[in-house]
Every structure is written in C-alpha cells, then in structure tokens.
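In order, the protein sequence lines correspond to chains A and B.
First residue of the first sequence? That's 7 in my numbering, and the numbers climb one at a time after it.
First residue of the second sequence? That's 394 in my numbering, and the numbers climb one at a time after it.
Scroll down for the structure; my scribbles are underneath it.
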Amino acid sequence: QKEVEQNSGPLSVPEGAIASLNCTYSDRVSQSFFWYRQYSGKSPELIMSIYSNGDKEDGRFTAQLNKASQYVSLLIRDSQPSDSATYLCADYNAGNMLTFGGGTRLMVKP
Amino acid sequence: DAGVIQSPRHEVTEMGQEVTLRCKPISGHNSLFWYRQTMMRGLELLIYFNNNVPIDDSGMPEDRFSAKMPNASFSTLKIQPSEPRDSAVYFCASSFGGDNQPQHFGDGTRLSIL
C-alpha cells in the first residue's frame with residue numbers, strides 16, 4: 007500500500023523562526039508532490055507544488071524534494087502566528103490520485 | 394474566479410435518512426474527487442471521476458454510498474441509509490487531468506448523523 011508519512015506534531019516554533027515540516031513517501035514512481043495548508047474547520051488549500059529534485063521557493067515557503075531518499079520537506083521562514091495550521095503532504099500515484107499524509111500541526115507562538 | 398462549490402455546508406440528520414451532498418467543480422476541470430475527513434482516519438479518497446466517468450471507487454466504504462456525475466459541472470454523493478459513523482467532513486475537489494495538476498478543494502460539507 008502506497009503511503010505518505012508525516013509526524014503529527016504539534017510542532018511548536020516561536021514567531022520569526024524557521025518551521026521545518028517533513029514528509030516521506032513509499033511509492034518510488036511518484037513524480038509530483040504537493041503541500042496543502044488546512045486551518046481548523048477549513049478546507050485544504052494548496053500552497054506549494056514540487057516536481058523536480060532540489061528546492062523550490064515561493065515567498066516565505068521553500069519546498070525541498072529528494073527522490074533518492076523519498077523525502078519532501080517544507081520550510082517556512084519568518085514564521086507568523088497566522089501560519090499556525092495543519093500542513094498536509096501529498097503525492098500523485100500513477101492513477102492520477104493524490105495520497106495524503108496525516109498532516110503535521112504547526113503552532114507558531116508570539 | 395469561482396472555486397469548487399459544495400452544498401450544503403452543514404447537514405444534521407437522523408440515522409436512516411438519505412443524505413445528498415452536491416458539488417460544482419471549477420469550470421474547465423475534468424477530474425473530480427470526493428474525500429472524507431475524520432480525526433481518526435484523516436483525509437480519505439472516496440471516488441474519482443475523469444470526464445464524468447467514475448475511474449476509481451475503491452474508497453467508497455460500502456453500498457450505502459453512491460456517487461454520480463451527470464455532467465461536467467455537477468456531482469452528487471449520496472448516503473442511504475445514513476449511520477452515525479458516517480459523520481465527517483466531506484470534501485469535493487477538482488483538477489485538470491494529469492499527474493502534475495493540483496487539486497482544488499471546496500469548503501466541504503460537515504455532516505452529522507444523530
């Protein structure tokens with residue numbers, strides 16, 4: 007069974023610090039990876055996608071992909087209390103379906 | 394641009410009743426997905442349509458659940474009869490077809506079966 011694993015947290019960081027969220031996946035043929043942010047009581051919102059090994063930056067967010075290690079991460083620089091949410095990692099399998107991890111709850115403390 | 398539109402936002406009904414959840418995907422998207430989210434099981438894919446055709450329904454929990462997509466702009470998820478264990482948030486998502494295309498989620502329907 008193809009799986010995406012995340013530490014459930016909570017991950018607590020002080021305001022202004024870098025938050026590092028990690029994800030591993032089991033399907034070696036996965037090519038596309040996504041990070042979604044979900045505020046409590048809200049729907050998942052796409053924040054980053056990454057398809058190639060290396061880093062991809064978008065504002066305060068950087069996604070990192072290492073296909074050899076089957077590892078994806080999301081770095082949030084200058085964390086703000088408004089970043090407090092659950093972050094879901096997902097990958098696409100060959101059947102055009104996303105497999106989601108269980109999510110990591112991030113708490114940014116003022 | 395309008396996102397994925399789901400209705401109702403909240404549904405409270407008694408066990409045994411029929412429940413119908415509705416979804417309008419983003420215009421131009423040809424893939425539609427129904428998910429269920431609970432604290433215990435996280436986000437689970439129930440069924441996936443491509444070009445209005447069901448492609449994978451292996452996540453549908455049992456025969457009480459059914460889904461249809463009569464046209465490109467409308468889909469329903471029906472539970473009949475409903476049970477308390479069906480209580481969850483149900484999300485609809487849509488995307489352009491293809492492995493690299495992200496899915497965009499609706500606001501969800503919070504379903505409570507008493």
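Glycine is no exception: its CB is placed at the ideal position from the N, C-alpha and C atoms.
What does Gln410(B) touch in chain A if you count any residue whose Cβ is under 7 Å from its own?
Those within 7 Å of Gln410(B) in chain A number zero; the least Cβ separation is about 24 Å.
Give me the subset of the region 41-66 of chain A whose CB atoms are less than 7 Å from a CB atom of chain B, sorted by chain position.
Ser49, Pro50, Leu52, Ser55 and Tyr57
Taking buried to mean at least 16 other C-beta atoms within 10 Å of its own C-beta, is Gly107(A) buried or exposed?
buried
Does Tyr5(A) pass the burial test, meaning 16 or more other C-beta atoms within 10 Å, or should it be called exposed?
Nothing can be reported for residue 5(A), as the shown portion of chain A is limited to 7 through 116.
Ser487(B) and Lys471(B) - do their beta-carbons sit closer together than 7 Å?
no
Contact set between the region 481-502 of chain B and chain A, restricted to residues whose Cβ is under 9 Å from the partner
Val482, Phe484, Ala486, Ser488, Gly490, Gly491, Asp492, Asn493, Gln494, Pro495, Gln496, His497, Phe498, Gly499, Asp500 and Gly501
In chain A, which residues lie with their C-beta within 9 Å of the C-beta of Gly435(B)?
Leu94, Phe106, Gly107, Gly108 and Gly109
Chain B beta carbons: is any one of them nearer than 7 Å to that of Met103(A)?
yes
Whole-Å CB distance - Asp500(B) paired with Ser88(A), under 8 Å assumed
Between Ser88(A) and Asp500(B) the Cβ distance is about 19 Å, and since that is not below 8 Å, they are no contact.
Between the region 26-42 of chain A and chain B, which residues of the former have CB atoms less than 7 Å from a CB of the latter, in chain order?
Gln37, Ser38 and Phe40
Which residues bound the beta strand (DSSP E) around Arg429(B)?
Ser424 to Thr431
Rounded to whole angstroms, what's the CA-CA distance from Met453(B) to Pro447(B)? Just pull it up for me.
12 Å
Quick one: does Leu438(B) have its CB under 7 Å from some CB of chain A?
yes
For Ser424(B), go through chain A and note every residue whose CB falls closer than 7 Å to its CB, in chain order.
Asn102
The ligand HEM and Met54(A): does any heavy atom of the ligand fall closer than 6 Å to the residue's C-beta?
As presented, the structure is devoid of all ligands, the ligand HEM included, so that no description of it is given.
Using Cβ-Cβ distances below 8 Å, what residues of the region 436-464 of chain B are close to chain A?
Leu436, Leu438, Tyr441, Asn443, Ile448 and Asp449
Taking the alpha-carbon of Asn72(A) as reference, which of Val10(A), Ala25(A) and Thr30(A) has the nearest alpha-carbon?
Thr30(A)
Alpha carbon of Pro477(B) to alpha carbon of Lys115(A), nearest angstrom:
37 Å
How many angstroms separate the CA atom of Ala25(A) from the CA atom of Leu81(A)?
6 Å
Residue closest to Val35(A), alpha-carbon to alpha-carbon, out of Thr110(A), Asp97(A) and Gly109(A):
Asp97(A)
Quick check: what's the CA-CA separation for Val10(A) versus Tyr42(A)?
13 Å
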